[in-house]
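The structure under discussion appears below in the form of structure tokens.
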Amino acid sequence: MTDAPLIAILDDEPEIRRLLSAALVEAGFRTQCFARATEFEAALRRIQPEACLIDLGLPDRDGLALVHRLARESGAAIIIISGRAQVQDRVAGLELGADDYIIKPFEPAEVVARIRARLRKPARDAGAGRQLIRFAGWTVDFDRYALTSPEGEETPISHAEAEVLRLFLDNPRRLISRAQMLETLGGSAGESFDRAMDVRISRLRTKLGEDPKSPRLIKTIYGAGYIFLAEPA
30 MTDAPLIAIL DDEPEIRRLL SAALVEAGFR TQCFARATEF EAALRRIQPE
80 ACLIDLGLPD RDGLALVHRL ARESGAAIII ISGRAQVQDR VAGLELGADD
130 YIIKPFEPAE VVARIRARLR KPARDAGAGR QLIRFAGWTV DFDRYALTSP
180 EGEETPISHA EAEVLRLFLD NPRRLISRAQ MLETLGGSAG ESFDRAMDVR
230 ISRLRTKLGE DPKSPRLIKT IYGAGYIFLA EPA
């Protein structure tokens with residue numbers, strides 16, 4: 030059990046924490062629960078969860094600000110669990126870096142399924158478990174969630190950005206449609222998913238030094254999807 034993925038749960042409602050923890054432990058995960066953002070942030074200095082379940086209505090911190098910070102600084106998958114059901118809330122959470130957004134009330138089995146989908150790694154080639162990939166002078170380290178430029182400058186990437194980049198690298202020079210992204214990366218079809226993909230790709234382009242009007246690596250095929258123009262080395 031010590032090798033089981035660790036899931037951090039941040040919610041100020043004790044019953045929600047108990048419900049989520051019980052479902053996840055039964056599914057083979059380890060859990061650590063927190064009622065306040067300050068406790069959660071302090072714990073992140075000594076633990077490395079594979080995924081974080083974050084409630085937005087926290088008593089001591091703005092949940093969206095916390096999500097944004099985690100997306101920039103952590104390689105963990107970030108799943109918001111919130112009673113805020115408006116489309117603009119879901120879009121805001123996904124744009125700030127969350128990988129998924131689940132609305133309360135929820136079925137514990139759905140949360141487990143969403144986490145499994147987020148943690149599922151696309152199969153690699155016979156290089157078996159290769160996590161360091163080079164392309165067009167760049168290097169991405171999927172273990173450390175780091176992108177290194179041809180000049181040697183390292184930039185962190187979020188779990189969400191890493192998922193998109195891995196999908197591109199697994200399908201070089203092939204059209205990837207929104208439907209394929211939805212099937213591979215998971216989520217719910219609709220405006221919030223489309224906006225989240227746009228934001229992730231925009232951030233990747235920025236980190237790759239891309240000019241969207243004259244792309245060298247990520248080409249938009251309007252109305253169809255995207256093509257990644259580099260082959261992994």
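Residues in the sequence shown are numbered consecutively from 30, following the working numbering. Just so you know, even glycine gets a beta-carbon here, dropped at the ideal spot from N, CA and C. Note that the structure is a prediction, hence the values are computed from the model and not measured.
CB of residue i within 8 Å of CB of residue j, strictly
i: I110; j: I144; result: no
i: I45; j: Q61; result: no
i: P185; j: W167; result: no
i: I38; j: F63; result: yes
i: G252; j: A189; result: no
i: D207; j: D223; result: Residue identity differs from the one stated: residue 207 is Arg in this sequence, not Asp. Yes.
i: I256; j: L204; result: yes
i: A71; j: F164; result: no
i: R147; j: A106; result: yes
i: R59; j: A94; result: no
i: A191; j: F171; result: yes
i: I108; j: D91; result: no
Residue interval of the alpha helix (DSSP H) (run including residue i)
i: E182; result: That residue, E182, is in no alpha helix (DSSP H); it is neither H nor E in DSSP.
i: R39; result: Per the sequence shown, the amino acid found at residue 39 is Leu instead of Arg. Counting along the chain, L39 falls outside any alpha helix (DSSP H), though it belongs to the beta strand (DSSP E) covering 35-39.
i: L148; result: 137-148
i: R207; result: 207-214
i: D118; result: 116-124
First through last residue of the beta strand (DSSP E) which encompasses residue i
i: Q61; result: 59-63
i: L176; result: 175-177
i: G92; result: Segment 92-102 is the alpha helix (DSSP H) holding G92; no beta strand (DSSP E) there.
Closest Cα partner of residue i within the set the options
i: D41; options: V140, G86, E79, T177; result: G86
i: A80; options: A64, D91, L53, K248; result: L53
i: R74; options: L99, I186, A56, D84; result: L99
i: P244; options: G252, I230, A253; result: I230
i: L246; options: L214, E212, T213, N200; result: N200
i: V116; options: L237, Q209, A225; result: A225
i: E136; options: P241, L49, E239, T235; result: L49
i: L196; options: V120, E260, G92, E182; result: E260
i: L198; options: D118, D129, L258; result: L258
i: I83; options: A56, E55, A51, K133; result: K133
Per-residue burial, residue i [other beta carbons within 10 Å of its own, 16 or more giving buried]
i: I250; result: exposed
i: R202; result: exposed
i: G122; result: buried
i: L194; result: buried
i: R232; result: buried
i: V96; result: buried
i: G112; result: exposed
i: P78; result: buried
i: A66; result: buried
i: L161; result: exposed
i: G181; result: exposed
i: R101; result: exposed
i: E55; result: exposed
Short CB-CB distance (under 8 Å) between residue i and chain D
i: V169; result: In the structure shown, chain D does not exist; there is a single protein chain.
DSSP-derived helix/strand/coil call for residue i
i: R47; result: helix
i: A52; result: helix
i: S111; result: strand
i: L161; result: strand
i: K133; result: coil
i: K236; result: helix
i: F257; result: strand
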